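Student: Just dropping this structure here.
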Amino acid sequence: MTTITSANPNGQPTRWLARQLRALGDALAPDQLATSGRQLLLPLLGILVFIGFWHLAAPQVDTSLGSFPGPAQVWEQSGQLWQEHVNQRERADQFVTMQEERNARILAETPDAEVKIRDYPGAPTFPDQVVTSLFTVLAGFVLATLIAVPLGILVGLNRHFQAAINPLIQIFKPVSPLAWLPLVTMVVSATYVSDDPMFEKSFLTSMITVTLCSLWPTLINTSVGVAAVNPDLLNVSRVLRLSFWTHVRKVVLPSSVPMIFTGLRVSLGIAWMVLIAAEMLAQSPGLGKFVWDEFQNGSSESLSRIMVAVLAIGFIGFVLDRVMLVIQRKVAWNE
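This note's numbering puts the first residue of the sequence shown at 3, with every later residue one more than the last.
Put into structure tokens, the structure is as follows:
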């Protein structure tokens, strides 16, 4: 080790390599391997037990469309949905290529002619609907965050404002998305009138419904976190005579970040659940509409396809929560 360090005066690569070797040694220690094995094997065992129970119980459940689909049928339909997506993309590419060739011929004959490329008119595929749902839920979640965090800070800082707005929070917090949706639909239809709209009305309806149902956990947690700021920090802020915005930015927000992120994680989970119901009724081209269309279709493959959507919804919700947890650990001081 001495020889390597002398050959490299700075010693940085040597110290980095030593740290990596120590980390590898710690990871390969017997107790660490046992802990890692339990963390990996126990969830895997739970999943295998669930799949086994599902495989045995599914044929025993008869419906009007046949037996409830088991894991094999669901896996088969997931592959078929992906193949339909691939085929749709190939047809879309051929459609665009055909238009480009036609436009080239028109421009060769008439250079001043106006040409355009039209979008492929085919129905969205399952992956397309997943992307649509993700975009909708993230838009609604961001809008809810932009409303809830500033409002929560005001509620936490001013007890009079808190007393005035708390009844409204308690009244609107438990309202179901199914109750909000007709009202939001009517308002959007009446106010969002345009010959060339930037967004579809069904998208706006779903997004606003998600916002109205998901902002409350963030609002409540933010207000609680702000109200619980250490009194010593508040006294320091008064002694330094910080302005309101500096006080919020330097004292209030850093102290309340853990509670804010707890509310954000809950809000994102609620937003994802609300979205599916909103898309079903608003007919927004996302996962909710996919489930509703398959239910209305009533074919022998519908149950398997709905089960694919159910598993996709659950997996995406899990991933969204993990992403928020990673961000929380990077930002929150208590992590």
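Heads up, the beta-carbon is just placed ideally off N, CA and C, and yes, glycines get one too. Predicted model only: the values in this text are computed from it and were never measured.
1) Mapping the DSSP letters down to three states, classify residue 248 as helix, strand or coil.
2) Following the continuous alpha helix (DSSP H) through residue 325, name the residue where it begins and the one where it ends.
3) With three or more beta-carbon pairs closer than 8 angstroms as the criterion, would you say the segment 145–154 touches the segment 315–333?
4) Can you have a look at residue 135 and say buried or exposed, based on whether 16 or more other CB atoms are within 10 angstroms of its CB?
5) What's the call for residue 233, buried or exposed, on a 16-neighbour Cβ count within 10 Å?
6) In three-state terms, what does DSSP make of residue 16?
7) Quick check on DSSP: helix, strand or coil for residue 216?
8) Whole angstroms is fine: what's the gap from residue 320's alpha carbon to residue 172's?
9) So residue 220 packs on residue 146, CB below 8 angstroms; how close in whole Å?
10) Could you give the DSSP three-state label for residue 4: helix, strand or coil?
11) Can you give the Cα-Cα distance for residue 102 and residue 133, rounded to whole angstroms?
12) Looking only at its chain, what residues have a beta carbon closer than 7 angstroms to the beta carbon of residue 5, apart from the 5 residues adjacent to it on each side?
13) Could you check where the alpha helix (DSSP H) with residue 131 kicks off and where it finishes?
14) Among residues of its own chain, excluding the 5 on either side of residue 294, which ones have a beta-carbon nearer than 6 angstroms to its beta-carbon?
15) Below 8 angstroms CB to CB, which residues in the same chain sit around residue 88 once its five sequence neighbours on both sides are set aside?
Tutor: So, from the data block:
1) helix
2) 304–333
3) no
4) buried
5) exposed
6) helix
7) helix
8) 28 angstroms
9) 7 angstroms
10) Here the model assigns residue 4 a pLDDT of 41, short of 50, so the residue's position is not dependable and the matter cannot be decided.
11) 27 angstroms
12) Low per-residue confidence applies at residue 5: pLDDT is 43, beneath 50, and the placement is therefore not dependable, though the value from the model is reported in the following sentence. Excluding sequence neighbours, residue 5 sits near nothing in its chain.
13) 128–159
14) 282
15) none
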